[in-house]
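Listed below in structure tokens is the structure:
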């Protein structure tokens, strides 16, 4: 009797599994038929039944081998077609009531392409971006491509870029720029098209930057490149593209900022370097970079005592001045020395670093200059040689270390000197 019961239970379990498998057969169409999502994909994405689709897919995938697993988006594609679903998912991400569902479907979509071993150029073709650039920008097909590129780079340890993929897809930057130029006339996507056009033009400028950074940081090379950028700005009606943006894209913010400090010190390149430096700092300001962020960007803390001779100090000080020039008298202004002190975790640690740097012949002059700026800040904060022990060093004079007493003595001499 017990054996009969076990056999019956086994048959029931097998029958249930068979029924479930049939529910999700190879065509993945049965589930959609049962859910009755209808023929309108947009309405389907708004329907509560779409959540049931995800639930059923999860249940099915839990019972099968990884190689047999399916996805909600692939099921929808079986019914509505790839192009229709991709376009609907892209559009649905723009709507508050369908954004969540669309994001889940997009995640399945890009993961599915990875599982199918698609490359970035193949996905460009699948998305049919070349057919209608304004449409691709409006419904955010470009964003889907970007998301796939990001995933592709992480999974394959490569470094593909959107502009490069688009350029290859269109055959050349000439045809890509032509398509973007047409898209700029569509008010709905004009801003996006301009941003993408700027990125393409920056890439064009980069191809004209020959040699290393040192070789181009002279008046002749910088002026030549600046003229080329001006020509492109006029030709494409795009004032967003700048030479400094192209230089940063190639060499990075830190290297360009420091190189421009050097170029400004040379009479022949001073004018063009000053122009580029202003553009760079204005860009930082527009991007919302704080003075603390620039401190980190210049990697000043990592330099230790050598910070006193770093060109990054000039960059930070100039940027602080620019930030303050944009503030009204009612705003709290930034402070170069306080920014440095904060970056080095306080006046006590910063002044100790300067004290140690001043002991090295090659760093002594710069260290003393910076220390005097710190002393001036203390003077403005109404500190004296005695009060720096409790307020700066968090101790009293009797138990203070010898280096603290040395700094107190130096500060006293500074206060006694003419202001």
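In the numbering used here, the protein residues as written are -6 to 412.
For each residue, glycine too, the CB sits at the ideal point set by N, CA and C.
Note that this is a predicted model, so its numbers are computed, not measured.
Where the alpha helix (DSSP H) through residue i begins and ends
| i | result |
| --- | --- |
| residue 379 | Neither: residue 379 is in no alpha helix (DSSP H) and is coded neither H nor E. |
| residue 221 | 212 to 229 |
| residue 150 | That residue, residue 150, is in no alpha helix (DSSP H); it is neither H nor E in DSSP. |
| residue 185 | 183 to 199 |
| residue 386 | Where residue 386 is concerned, there is no enclosing alpha helix (DSSP H), given that its DSSP letter is neither H nor E. |
| residue 82 | 75 to 85 |
| residue 255 | 246 to 257 |
| residue 103 | 92 to 108 |
| residue 364 | 357 to 373 |
| residue 209 | 206 to 209 |
| residue 129 | 126 to 131 |
| residue 235 | Here residue 235 belongs to no alpha helix (DSSP H), and DSSP marks it neither H nor E. |
| residue 121 | Careful: residue 121 lies outside any alpha helix (DSSP H) and carries neither H nor E. |
| residue 162 | 155 to 163 |
| residue 414 | Here the chain has residues from -6 to 412 only, and residue 414 is not among them. |
| residue 174 | 166 to 176 |
| residue 276 | 263 to 279 |
| residue 32 | Neither: residue 32 is in no alpha helix (DSSP H) and is coded neither H nor E. |
| residue 57 | Here residue 57 belongs to no alpha helix (DSSP H), and DSSP marks it neither H nor E. |
Other residues of its chain near residue i: CB distance less than 8 Å, five sequence neighbours each side excluded
| i | result |
| --- | --- |
| residue 344 | 364, 367, 385 and 400 |
| residue 211 | 256, 259, 261 and 262 |
| residue 42 | 28, 29 and 30 |
| residue 317 | 326 and 327 |
| residue 112 | 145 |
| residue 292 | 247 and 305 |
| residue 45 | 28 |
| residue 280 | none |
| residue 118 | 162 |
| residue 398 | 390 |
Cβ-based neighbour list, residue i, same chain, cut-off 6 Å, excluding 5 preceding and 5 following
| i | result |
| --- | --- |
| residue 70 | 78 |
| residue 135 | 129 |
| residue 310 | 329 |
| residue 436 | Given that the chain is displayed from residue -6 to residue 412, the structure contains no residue 436 and the question cannot be resolved. |
| residue 47 | 65 |
| residue 85 | 38, 91 and 95 |
| residue 237 | 269, 272 and 273 |
| residue 413 | The question about residue 413 has no answer, for the chain in this structure spans -6 to 412. |
Exposed unless 16 or more other CB atoms sit within 10 angstroms - verdict on residue i
| i | result |
| --- | --- |
| residue 88 | exposed |
| residue 17 | Unreliable positioning characterises residue 17 in this predicted model, as indicated by a pLDDT of 49, which lies under 50. A coordinate reading is not provided. |
| residue 320 | exposed |
| residue 427 | Because the chain spans -6 through 412 in this model, residue 427 falls outside it and cannot be assessed. |
| residue 388 | exposed |
| residue 336 | buried |
| residue 166 | buried |
| residue -3 | Only weak support exists for where residue -3 lies, its pLDDT of 48 falling under 50; the coordinates are left without a value. |
| residue 131 | buried |
| residue 406 | exposed |
| residue 373 | exposed |
| residue 180 | exposed |
| residue 379 | exposed |
| residue 340 | buried |
| residue 266 | buried |
| residue 133 | buried |
| residue 55 | exposed |
| residue 2 | Below a pLDDT of 50, predicted positions are generally treated as unreliable, and residue 2, at 48, falls in that range; the measurement from the model is reported next regardless. When all chains shown are included, residue 2 counts as exposed. |
Neighbourhood of residue i by C-beta, 7 Å cutoff - its chain only, sequence neighbours within 5 removed
| i | result |
| --- | --- |
| residue 19 | Residue confidence for residue 19 is low, a pLDDT of 42 falling below 50, so the modelled location carries little weight; the figure read from the coordinates is stated next. Same-chain partners within the cutoff: there are none. |
| residue 371 | 381 and 404 |
| residue 223 | none |
| residue 251 | 304, 305 and 308 |
| residue 235 | 222 and 272 |
| residue 61 | none |
| residue 98 | 65, 66 and 82 |
| residue 176 | 126, 127, 130, 182 and 186 |
| residue 296 | 303 |
| residue 254 | 304, 307 and 308 |
Any chain B beta carbon closer than 7 Å to residue i
| i | result |
| --- | --- |
| residue 51 | Structure shown: chain B not included; a single protein chain is present. |
Unbroken stretches of the alpha helix (DSSP H), 4 residues or longer, contained in the region 281 to 345: 284 to 290, 304 to 318 and 329 to 336
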